[in-house]
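To start, the structure itself, in structure tokens.
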Amino acid sequence: MTRILIIGAGAVGATLAWHLSGTPAHVALLARGARKAAIEDKGLTLWRAGRPLGTRAIPLLSRPEGDWDAVLLCVKQYDLPALLPSLPSGSPLVPMVNGVPWWLLRSHPLLRGRRDWGEFYGGFPPMSAERLMGAVVYFPAQMRDACNVEQGGRDSLALGEIEGRPGARLHKLAAAINASGLQCRTSEHIQADIWNKLLGNAAFNPVSALARATMHQMLTEPGLRRLCARLIGELMAVGQALGYQESQGVEGRLRQAESAGHARTSMLQDALAGRPLEGEALIGILTRMAAHLGIPAPTLDSVWALLNSRFPPTGDRPSGG
Numbered sequence: 001m002t003r004i005l006i007i008g009a010g011a012v013g014a015t016l017a018w019h020l021s022g023t024p025a026h027v028a029l030l031a032r033g034a035r036k037a038a039i040e041d042k043g044l045t046l047w048r049a050g051r052p053l054g055t056r057a058i059p060l061l062s063r064p065e066g067d068w069d070a071v072l073l074c075v076k077q078y079d080l081p082a083l084l085p086s087l088p089s090g091s092p093l094v095p096m097v098n099g100v101p102w103w104l105l106r107s108h109p110l111l112r113g114r115r116d117w118g119e120f121y122g123g124f125p126p127m128s129a130e131r132l133m134g135a136v137v138y139f140p141a142q143m144r145d146a147c148n149v150e151q152g153g154r155d156s157l158a159l160g161e162i163e164g165r166p167g168a169r170l171h172k173l174a175a176a177i178n179a180s181g182l183q184c185r186t187s188e189h190i191q192a193d194i195w196n197k198l199l200g201n202a203a204f205n206p207v208s209a210l211a212r213a214t215m216h217q218m219l220t221e222p223g224l225r226r227l228c229a230r231l232i233g234e235l236m237a238v239g240q241a242l243g244y245q246e247s248q249g250v251e252g253r254l255r256q257a258e259s260a261g262h263a264r265t266s267m268l269q270d271a272l273a274g275r276p277l278e279g280e281a282l283i284g285i286l287t288r289m290a291a292h293l294g295i296p297a298p299t300l301d302s303v304w305a306l307l308n309s310r311f312p313p314t315g316d317r318p319s320g321g
């Protein structure tokens, strides 16, 4: 039996917990506070297209303890530096995070030679690549309240080893996820998959937060569409330097994004709710990567300056510099 611990009872973690709880896998969700109390009291309900699909009782933990075949990290990346040292030492970790994952800066041959990527990324503890698996989550999700989660779009995600080909542990986890009704593929190029998703996230998320715009608004308002196009073009140049090829082109990516309709990006949702933004992971680090590679990125630099000024970092969640 596959043992899976999900850390983070936000939209992605709750969606995975609901699906996996209906399989033979032994699944637990780490949750705290009001959300934990609500799920304990009422169960967790998944919604699709505005309709409930059912309510399930989810085993809950308050601390990350025990032995697990995989620990799915479904939290904001800015929460990880404090969380990682507390996790079970022998369990493989699967960060399901937005933006540039910290391990990419330490594993890519063109990036790992640099030590100073800013205060935020400098806060991650040393960790071997063998302990980590890469992941990309493609399904959108949003919490309706503390114990109701709405899943939209497709059901897919991807898993891959950071170094080497997919092995037994990765296939075992993918099989458990596929048994839940979600569609999980194993990838031999997970870094490229992460970058491919980042192309859209890094362009649309910051613009949506600054303009308070949905995907539809960004893609139909000419000025915002041109701005997003310039961002995508600069990101493609950075990706090409890193060895990640993009076949669709800028206009192809914009047309693909039109399928999102009136969806709100995760950064827009956070901005409207007054939560900290993932600006550093989604755009701030990309300005330094571009500079490190010698690639001009004036639009990235400008949007990052505006975002970091409009939504300054707080407390122990620095944006770096």
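Each step along the sequence shown adds one to the number in full-length UniProt numbering, with nothing skipped, and position 28 is 28. Backbone N, C-alpha and C fix where the C-beta goes; we use that ideal spot for every residue, glycine too.
Query                                                                                                                                                                                                    : Result
Taking the C-alpha atoms as reference points, what is the distance between residue 222 and residue 136?                                                                                                  : 30 angstroms
Taking residue 103 as the reference, give the member of 186, 83 and 131 with the closest Cα.                                                                                                             : 131
Identify, in the order they occur along the chain, each residue of the same chain with its Cβ nearer than 7 angstroms to the Cβ of residue 232, setting aside the five sequence neighbours on each side. : 199, 203, 250 and 253
Mind checking residue 178: buried by the 16 CB within 10 Å criterion, or exposed?                                                                                                                        : exposed
Would a C-beta distance cut-off of 9 angstroms place residue 349 and residue 68 closer than the cut-off?                                                                                                 : Since the displayed the chain opens at 1 and closes at 321, residue 349 lies outside it and no answer follows.
Classify residue 86 as helix, strand or coil using the three-state DSSP reduction.                                                                                                                       : helix
Measuring straight from C-alpha to C-alpha, what distance separates residue 125 and residue 51?                                                                                                          : 42 angstroms
Using CA coordinates, which residue listed in 235, 76, 239 and 208 is at the minimum distance from residue 225?                                                                                          : 208
With H, G and I counted as helix, E and B as strand and the rest as coil, what does DSSP make of residue 291?                                                                                            : helix
How is the beta strand (DSSP E) around residue 377 delimited, first residue to last?                                                                                                                     : Missing from the structure shown is residue 377; the chain here goes from 1 to 321 and no further.
Under the rule that 16 or more other beta-carbon atoms within 10 Å means buried, what is residue 240, buried or exposed?                                                                                 : exposed
Can at least three beta-carbon pairs, one atom from the region 179-189 and one from the region 81-88, be found at a separation below 8 angstroms?                                                        : no
Between which residues of its own chain and residue 19 is the CB-CB distance below 7 angstroms, once the five residues before and five after are set aside?                                              : 180, 181 and 182
Which of helix, strand or coil does DSSP assign to residue 37?                                                                                                                                           : helix
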